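Undergrad: Residue numbers (the numbering used here): 243 to 434. Before anything else, here's the structure in question.
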């Protein structure tokens, strides 16, 4: 017998009886609904900002992997997870080494959200993002021009944007200037 063939009124009546009466049934139902509402009524702005940052980084990471490995097949068809894509990044590349801890932290934050339906971006999270030396240096340089928020969610978003630039700049004119500056710095050329 399929569920659609069962009399739902009869099932509800029996459930009320099993709970010890209507009052106990509705008290339990209200309690469960309240818990669901509590979980539903999360800070959607914060959730949206975390998910946008995660999706943004994943998008640019996928493009980077594709651009640096032209013989790979379609990564979207491969249906690789975020962690699997992260594992494909060259950990010997200084650019990747600088951002990998923050990328992993961003994924941990997204996972906390997925598993708990309640998340905060903490000062410890922000600290991990700021361990990216280039990101921290760029934020410090920007701070000299105008105030930069130190709120953990703002640091997370700034890190996501920075990471997206790192993934894409190798293929842009800005990249060539940065690459030359890095090469000169490693070669010990004096500042002009």
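Here a beta-carbon is modelled for each residue, glycine too, at the ideal position from N, C-alpha and C. The structure displayed is predicted, hence computed values, not measured ones.
#1: At what residues does the alpha helix (DSSP H) containing residue 349 begin and finish?
#2: Give me the Cα-Cα distance between residue 442 and residue 416, rounded to the nearest whole angstrom.
#3: Looking at the unbroken alpha helix (DSSP H) that takes in residue 291, where does it start and where does it end?
#4: Taking the C-alpha atoms as reference points, what is the distance between residue 292 and residue 257?
#5: Quick one: measure Cβ to Cβ for residue 359 and residue 279, integer angstroms, because I've assumed they're closer than 8 angstroms.
#6: According to DSSP, simplified to helix, strand and coil, what is residue 413?
#7: Taking residue 259 as part of the alpha helix (DSSP H), name the residues at either end of that continuous run.
#8: Ordered along the chain, which non-local residues of its own chain (more than five positions away) have a Cβ less than 7 angstroms from that of residue 354?
#9: Taking the alpha-carbon of residue 310 as reference, which of 412, 425, 418 and 426 has the nearest alpha-carbon?
#10: Expressed to the nearest angstrom, what Euclidean distance is found between the alpha-carbon atoms of residue 380 and residue 400?
#11: Residues in its own chain within less than 7 angstroms of residue 338 by CB, not counting five upstream and five downstream?
#12: Could you check how far apart the C-beta atoms of residue 295 and residue 368 are, in whole angstroms? I think they sit under 8 angstroms.
#13: Got a sec, what are the start and stop residues for the alpha helix (DSSP H) residue 367 sits in?
#14: So the alpha helix (DSSP H) residue 380 belongs to, where does it begin and stop?
#15: Can you give me the C-alpha to C-alpha distance between residue 314 and residue 308, rounded to a whole angstrom?
#16: Would you mind reading off the limits of the alpha helix (DSSP H) that contains residue 325?
#17: Compute the distance between the beta-carbons of residue 345 and residue 405, then report whether it is under 8 angstroms.
TA: Reading off the structure:
#1: 336 to 358
#2: Residue 442 falls outside the range modelled here, since the chain spans only 243 to 434, and no answer is possible.
#3: 286 to 310
#4: 41 angstroms
#5: Contact doesn't hold; Cβ gap of about 12 angstroms is too wide.
#6: coil
#7: 250 to 260
#8: 361
#9: 412
#10: 10 angstroms
#11: 331 and 332
#12: Incorrect: roughly 13 angstroms between the Cβ atoms, too far for contact.
#13: 365 to 372
#14: 375 to 387
#15: 7 angstroms
#16: 324 to 329
#17: yes
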